[in-house]
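One structure is given below, encoded as structure tokens.
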Amino acid sequence: SFFVHPGEALHGDLGMMTPEDVLIAISNSGETEELLKIIPVIKRRKITLIAMTGNLNSTLAKQADVCLDISVKKEACPLKLAPMSSTTATLVMGDALAAVLMKMKNFKPDDFALFHPGGSLGRKLLTKVKDLMVSKNLPIVHPDTEFNDLINVMTSGKLGLCVVIENEKLVGIITDGDLRRALKTNDKPRFDFKAKEIM
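For my numbering, count along the sequence shown from 1 and bump the result up by 21.
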């Protein structure tokens, strides 16, 4: 979907639309002049016109193939000038249309990620374990690695953990939390600990 300003549409931007498109025209009064001017072209090109308006007797409503009522009893503006309630009604109707279309088109999170790769939403949907994992300069210790050496390796690794390797196989991990718990729950002097007792 894309936005077309009616003023720009009158000066060439209508070329972006094809007969396969659907135009959702939004006007609270339904009598917005620049919007009404493009309706004859829309009709001539056989583009489906959906109106979102607060006036079901307006020119826009009567010309539309489908008319969605977004009328409100009164605006929230204390001056009774700014369209506050009606703009909110428009947003609600737009979100409702989007939700229905998502169900009809069986829109999945993978589809969402394809069109929305940026920001927090994109990261949540697109980031995989392989994008985060570290494979170089790993903080590696062995089961018999002593406590002080373990601390030094963990600190230099800057990951908050060590991986314990024996015979080229991963046999465990030790996190900084494991270290704290081992020291807190055991009276054994810390220098006597080995990696295999903590992992």
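Each residue gets a CB set at the ideal place from its N, CA and C atoms; glycine is no exception.
Item: Give the range of the alpha helix (DSSP H) segment to which I45 is assigned.; Value: Note, I45: premise wrong, no alpha helix (DSSP H); beta strand (DSSP E) at V43 to S48.
Item: Nearest CA to the CA of P164: which residue from A216, K83 and I71?; Value: A216
Item: For T166, collect the residues of the same chain with a Cβ closer than 6 Å to its Cβ; drop the 5 residues on either side in sequence, then sort them by chain order.; Value: A216
Item: Just checking: is the beta-carbon of T39 within a distance shorter than 8 Å of some beta-carbon in chain C?; Value: Among the chains of the structure shown, chain C does not appear; only one protein chain is present.
Item: With 16 as the cutoff for other CB atoms within 10 Å, does A82 come out buried or exposed?; Value: buried
Item: Using the three-state DSSP reduction, which class does A97 fall into: helix, strand or coil?; Value: coil
Item: What span of residues does the beta strand (DSSP E) with F148 cover, start to end?; Value: Correcting the residue type first, residue 148 is Thr in the shown sequence and not Phe. Looking at the DSSP string, T148 is not in any beta strand (DSSP E), and its letter there is neither H nor E.
Item: Suppose contacts are defined by Cβ-Cβ distances below 8 Å. Is V185 in contact with M220 by that definition?; Value: yes
Item: Which residues mark the beginning and the end of the beta strand (DSSP E) in which E187 is found?; Value: L182 to E187
Item: Can you have a look at F23 and say buried or exposed, based on whether 16 or more other CB atoms are within 10 angstroms of its CB?; Value: exposed
Item: Do D34 and V25 have their CB atoms nearer than 8 Å?; Value: yes
Item: In three-state DSSP terms, what is E52?; Value: coil
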